[in-house]
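Peer 1: Residues 398 to 727 in this note's numbering are what the sequence shown lists, from first letter to last.
In this text, a Cβ means the ideal position worked out from N, Cα and C, and glycines have one as well.
Predicted model only: the values in this text are computed from it and were never measured.
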Amino acid sequence: MKQIITALLITNILAGCKTEKKEAQESQVVTDTIIANPILDGYYADPSIVQEDGKFYIYATKDPWGKDDLAFLESSDFKSWELKELNWPTKEACTSPTSNGSMVWAPSVVKAKNGNYYMYVSVGSEVWAGVAKSPEGPWQNAKEDNTPLITRDLFPEYHMIDAEAFIDDDGQAYLYWGSGLNWVNGHCFVVKLKEDMITFDGEIKDVTPENYFEAPVMIKRNGIYYLMYSDGKVIEDTYKVRYAMGDNPFGPFKEAETSPILSTASDSITYSPGHHTVFSKEGQDYILYHRHSANSPESTDLLRELCVDSLNFTKDGLIEKVKPSGIAPF
């Protein structure tokens, strides 16, 4: 009888172990079927992304409110990220007689048709341009005289930050930038760039759409130009992503009926989302953005984290509302 009881106990224990192992495996499968938000540990904001040779490179502001340099992250699978160092930009290298004390913010990195990489970054409330042969650098000021591309006093009534480069299908490059001062009066400017990516080709134009505050992003799809941007106050839950549509890079741009597409969620998990970029992989578009960490809601000492979600379009060419739920692995 004792042997029978012992055998039953062993059987039950083994069965329990198998059940636990199966549940653990199922849990792992669920985990492996999604890249959850935030996509990595650490506090970063204002991301830009480059894909090259099977790798992802993210450039971002270091929180709170920027540091002496940028965050630079590398991954081969969008799940495991390595934090690396860039030699440029730095606060020390990007300071001019017209700069203020603002730190290194909001990079935009693109590969131009000449094969070089160009970075447009806000330092001291001015836009600086860098150039490199590869995403990792080494980087240097793209201007031989080491001056800013856009000085703080170009349009002193507006904030000369948040530059974003856009390269059209024909290789023509454009630069968008602009924010407001004291949380009001945001304006968006654009200029065509010559092949050197630092010389303005023509006049600067004000293309500010309705409800614009800062962080312009231009994308193109089926001949439509989508000027995306952030609205609201980044330290509060009013921050959100909007967009407007036009038929050329200079607009005019009309805000679309599905705008805004990404706002603070009612469950407060996605709090104050914005200042994003858009990238594509295997035919699917994605939005990479920051939101507040749970450690800093409504805080002036911002701690933001990076998130990614799918970006989808209706059959009429409108951008659908973003559902903050993470994405499937690549």
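Below 7 Å between beta carbons: does that hold for Tyr683 and Val705?
Peer 2: Their beta carbons are under 7 Å apart, which means Tyr683 touches Val705 by this criterion.
Peer 1: Given 8 Å as the limit, is there contact between the segment 582-599 and the segment 546-562, that is, 3 or more CB pairs closer than that?
Peer 2: Contact between the segment 582-599 and the segment 546-562 is present, because at least three Cβ pairs lie under 8 Å.
Peer 1: Given that a residue counts as buried once 16 or more other Cβ atoms are within 10 Å of its Cβ, and exposed if not, what is Pro721?
Peer 2: Buried, by the Cβ-count rule.
Peer 1: Answer with yes or no whether the minimum CB distance from Ala612 to chain D is below 7 Å.
Peer 2: Checking the listed chains, one finds no chain D in this structure; it contains a single protein chain.
Peer 1: If contact is defined by three or more beta carbon pairs under 8 Å, each pair taking one atom from either stretch, is the segment 660-669 in contact with the segment 605-624?
Peer 2: Not touching, per the Cβ criterion.
Peer 1: Near Thr492, what residues of its chain come up, given a Cβ to Cβ distance below 7 Å and the 5 sequence neighbours on each side ignored?
Peer 2: Cβ neighbours of Thr492 beyond the five flanking positions: Gly521.
Peer 1: Using the Cα positions of Thr548 and Trp478, report the straight-line distance between them to the nearest angstrom.
Peer 2: Distance between the alpha carbons of Thr548 and Trp478 is about 34 Å.
Peer 1: Val501: which of Thr487, Asp664 and Lys510 sits nearest, CA to CA?
Peer 2: Checking every option, the nearest Cα to that of Val501 belongs to Thr487.
Peer 1: Would you decide whether Ile455 is buried or exposed? Buried here means 16 or more other CB atoms lie within 10 Å of its CB.
Peer 2: Under this definition Ile455 is a buried residue.
Peer 1: Can you give, in chain order, each stretch of the beta strand (DSSP E) that sits fully within the segment 604-644 and has at least 3 residues?
Peer 2: Listed in chain order, the complete beta strand (DSSP E) runs (minimum 3 residues) inside the segment 604-644 are 611-618, 621-628 and 637-643.
Peer 1: Decide if Ala691 is buried, meaning its Cβ has at least 16 other Cβ atoms within 10 Å, or exposed.
Peer 2: Burial call: exposed.
Peer 1: Could you tell me whether the Cβ atoms of Pro613 and Tyr626 are closer together than 7 Å?
Peer 2: Yes, the Cβ-Cβ distance between Pro613 and Tyr626 is below 7 Å.
Peer 1: Can you name, in chain order, every residue of its own chain whose Cβ lies under 6 Å from the Cβ of Phe453, other than the five neighbours on each side?
Peer 2: These residues qualify, in order along the chain: Ser472 and Phe475.
Peer 1: Since Ala509 contacts Met594 with CB under 8 Å, what's their CB separation in whole angstroms?
Peer 2: Right, the Cβ-Cβ distance comes to about 5 Å (below 8 Å), so this counts as a contact.
Peer 1: Any idea if Gly648 is buried or exposed, counting beta-carbon neighbours within 10 angstroms, 16 or more meaning buried?
Peer 2: Buried, since its Cβ has 16 or more Cβ neighbours within 10 Å.
Peer 1: Here's the rule I'm using: 16 or more other beta-carbon atoms within 10 Å means buried, otherwise exposed. How should Gln400 be labelled?
Peer 2: Bear in mind that the predicted position of Gln400 carries a pLDDT of just 43, short of 50, making it too unreliable to give a figure here.
Peer 1: Out of curiosity, what's the CA-to-CA distance linking Lys464 and Lys591?
Peer 2: One C-alpha to the other measures close to 31 Å.
Peer 1: Of all the beta strand (DSSP E) runs that stay within the bounds of the segment 463-529, which reach a length of 3 or more residues?
Peer 2: The qualifying runs are 468-472, 479-481, 501-508, 514-520 and 523-529.
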